[in-house]
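Heads up: the sequence shown begins at 64 in this note's numbering, then just goes up one per residue.
Here a beta-carbon is modelled for each residue, glycine too, at the ideal position from N, C-alpha and C.
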Amino acid sequence: MNYPVWSIPGIGGSWLVGLISVIHVFLSHFAVGGGIFFAITEWIAYKRGDDRIYQYLKKHSKFFLLATTVAGAVTGVGIWFSISLVSPDGTGTLIQNYTLGWATEYLFFLTEIATVFVYYYTWDKISKETHLTLARWYAVLSVFTLVIINGILSFMLTPGNWVESKLWYEGFFNPTYWPSLFLRIFVMLAIAGMYSLVTSARIKNKDYKELKVKNPDPEHKNEDDFRAYMLKYSSKWFFPVFVLGPVFGFWFFSQVPGNVLDNIFNGIQASGVGNFSILARAIYLSLILSGTILIFAYIGPYLNPRGFSFIAALAFMVCGLGVTAISEWSREMLRKPYVIYGYMYSNGIKVSDVDKINEEGFLAHSKWRPADNESPGEFIFKQQCMKCHTTDGYRSMTRLLGERDKDAIKGFLTLMHETDIEKNSYLKIMPPFVGTNEEIDMLASYLSTLNKNK
């Protein structure tokens, strides 16, 4: 309520943020998981004196450099621009509370970027021992960026005692910090394996035939088929998340607020009926896609690497991107109706301000005023509703209102005005309407005109 509203016709602001975020997460997770992949794989190459793995890593690192430093960095900047415009109040709170954290993360990020450039451009120019050290340093630096950013991301769902104390460390090391950290690391290893499958599937054995191997892998019987070796090796990076992921996932959900679990289980038990039916379906789809990835990683590149194609590797990437999108969307849904759980609603109104605004009026507290051609009801709609709704697109108000007249809409808004969850069940997913009875009437008057204007 302290900033103008950025209106995006059709998709709304939340979809724009989501689209950019999913792409960035898939790339940034590759940046961290890929760093660990380089450190371990180059150590194997050094230990075995395997020039083929060195040659593969040299080519893979070019792909890695372009994906993480170009596409990853651009989408990262895109997230900052979009969230600052769509949710300025929430973004401002994160910056104010974790300025030092963001600054530290950027220092690690800049050092990480510098290291990966040096890593790529020093192939065959420095000793293997020094190059391996670079790989290890990059892995450490990339993990530390996760260590910092994870505290801020998990804070938004489980701020813990910070809501009362406002002590930064209680918000940073919040109840879901550790399970979320370990879960993300294992997911990042799997994503590193996905990207490696894509580059490994493009290997041509003839290009590696003349390269030497001092200490061959005893488990790999046919050393001439380097493509099959790398595909099988890449598939092994999937298995840690499927073995330990459920453990950390259970730990994570055991730490989220009770209301969140109720929303999940109510949606699942309803099997697609109710307010959280979409979340239930998303969880089903995520589990199906994850299981599909595990099964095909085992029967495909692990058991039958010679029959594994580049198209199949791309299919793994699509499934992985799908799981990432669903997981990130579900994580956002778990916070509903808050942007920072228990502290600030998704429309930027602080929980602690609700009673005062209800008494004195929303318009009286807003730093902005309706434009000359804008009714007070339309202004209130933009300020309180358009973070999640549009008039005719995503979560369309015209579709949700249907043929309801002003009285029916006013009755619903009066229900939404209640801050007691026993009286207003919508509080599980939507912020309460904040304002006076007169402002309820203003908003109802505007909403009743939407379908009439079509």
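| Asked | Found |
| --- | --- |
| Give the straight-line distance between the Cα atoms of Glu168 and His452, rounded to the nearest whole angstrom. | 33 Å |
| Tell whether a beta-carbon distance below 8 Å holds between Pro242 and Gly223. | no |
| So Pro279 packs on Arg111, CB below 8 Å; how close in whole Å? | 7 Å |
| Taking the beta strand (DSSP E) that Tyr161 falls in, what are its first and last residues? | Tyr161 -> no beta strand (DSSP E), and no H or E assigned at all. |
| Measure the alpha-carbon distance for Gly96 versus Leu260 and round it to whole angstroms. | 14 Å |
| I believe Thr221 touches Val319 by the beta-carbon criterion, under 8 Å. Please report the beta-carbon distance rounded to the nearest angstrom. | 6 Å |
| Just to confirm, is the Cβ distance from Ile86 to Leu252 under 8 Å? | no |
| Report all residues from its chain with a CB closer than 6 Å to the CB of Thr512; omit the five preceding and five following residues, and keep chain order. | none |
| Can you tell me whether DSSP reads Ile74 as helix, strand or coil? | coil |
| Assign Trp106 to one of two classes, buried (16 or more other C-beta atoms within 10 Å of its C-beta) or exposed (fewer than that). | exposed |
| DSSP three-state label for Asp287, please. | coil |
| Near Thr461, which residues of its chain fall below 7 Å by C-beta distance, leaving aside the five closest residues on each side in sequence? | Thr454, Asp455, Leu513, Asn514 and Lys517 |
| For Ile341, name the three-state secondary structure that DSSP assigns. | helix |
| Between the alpha carbons of Lys473 and Ser372, how many angstroms are there, rounded? | 59 Å |
| Can you tell me whether Val310 is helix, strand or coil according to DSSP? | helix |
| Closest to Ile176 by CA distance: which of Ala130, Ile146 and Leu377 is it? | Ala130 |
| Tell me the DSSP secondary structure of Ile212 in three-state form. | helix |
| In three-state DSSP terms, what is Ser429? | coil |
| At 3 residues or longer, and completely inside the segment 386-449: list those beta strand (DSSP E) runs for me, N to C. | 401-403 |
| Can you find the residues in the same chain that come closer than 7 Å, C-beta to C-beta, to Ser508, ignoring five residues on each side of it along the sequence? | Gly440 and Lys469 |
| Quick one: using the 10 Å Cβ neighbour count with 16 as the cut-off for buried, is Thr208 buried or exposed? | buried |
| Let me know the alpha helix (DSSP H) ranges lying completely inside the segment 191-273, each 4 residues or longer, listed in chain order. | 191-220, 225-228, 231-235 and 240-263 |
| By the three-class DSSP mapping on this structure, what secondary structure does Ser353 have? | helix |
| Count the other C-beta atoms from every protein chain shown that fall within 10 angstroms of the C-beta of Arg247, then say buried if there are 16 or more, exposed otherwise. | buried |
| List the DSSP bridge partners of Thr453. | Ser459 |
| Return helix, strand or coil for Ser504, following the three-state DSSP convention. | Checking the sequence, you will find Asp at residue 504 rather than Ser. Helix, per DSSP. |
| Evaluate the contact criterion for the segment 482-500 versus the segment 405-414: three or more CB pairs, one atom per stretch, below 8 Å. | yes |
| Compare the Cα-Cα distances from Val181 to each of Thr132, Asn436, Arg467 and Arg394 and report the closest residue. | Thr132 |
| Taking only three categories from DSSP, how would you classify Asp468? | coil |
| Would you check if there are 3 or more beta carbon pairs closer than 8 Å linking the segment 286-298 to the segment 362-379? | yes |
| Give the DSSP-derived three-state secondary structure of Val304 in the structure shown. | helix |
| Helix, strand or coil, according to DSSP, for Val18 in the structure here? | Nothing can be reported for residue 18: it is not among the residues displayed for the chain, which extend from 64 to 517. |
| Under 8 Å by Cβ, that's how I've got Ile403 and Gly153 pegged, so tell me the actual separation to the nearest angstrom. | 6 Å |
| May I ask which residues mark the beginning and end of the alpha helix (DSSP H) holding Tyr117? | Asp114 to Leu129 |
| Do you know offhand how far Lys191's Cα is from Phe127's? | 20 Å |
| So which of Ile389, Tyr109, Lys272 and Asp435 has the shortest CA-CA distance to Ile351? | Ile389 |
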